[in-house]
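K.L.:
Submitted below is the structure of interest, expressed as structure tokens.
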Amino acid sequence: MTGGTDAHSESGIGLFATRFKNDIQNVQDLVFNLKNNYSEPVLQSGNTWIELDLNYYNSE
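Reading the sequence shown from the start, the letters are residues 539 to 598 in the working numbering.
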């Protein structure tokens, strides 16, 4: 699962991101991590990144 933003305001830009379990050094690392589900969506809250799961989307 990956995170991204479809911001409808300037303040919404960059609030969601994808965090990878491993360092990404090249395209091969990126593909490996995506194919093996070594990523997770996160939400920025202040200086903290909060892990999201499917329950987050169902509660909206």
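Where is the CB? At the ideal position from N, CA and C, for every residue including glycine.
From I588 to Q563, what distance separates their C-alpha atoms?
P.N.:
The alpha-carbon atoms of I588 and Q563 are separated by roughly 24 angstroms.
K.L.:
To the nearest angstrom, report how far apart V565 and S549 are at their CA atoms.
P.N.:
Cα-Cα distance, rounded: 30 angstroms.
K.L.:
Which residues in the same chain have their Cβ closer than 8 angstroms to the Cβ of L553, if we skip the five residues on either side of it in sequence?
P.N.:
Once the five neighbours on either side are set aside, the close Cβ partners of L553 are T543, A545, L581 and Q582.
K.L.:
My output table needs one value for S549: the three-state DSSP class, helix, strand or coil.
P.N.:
Note: S549 maps to helix in three-state DSSP.
K.L.:
Do L590 and P579 count as a contact pair if the criterion is CB distance below 8 angstroms?
P.N.:
A contact, by the Cβ cut-off of 8 angstroms.
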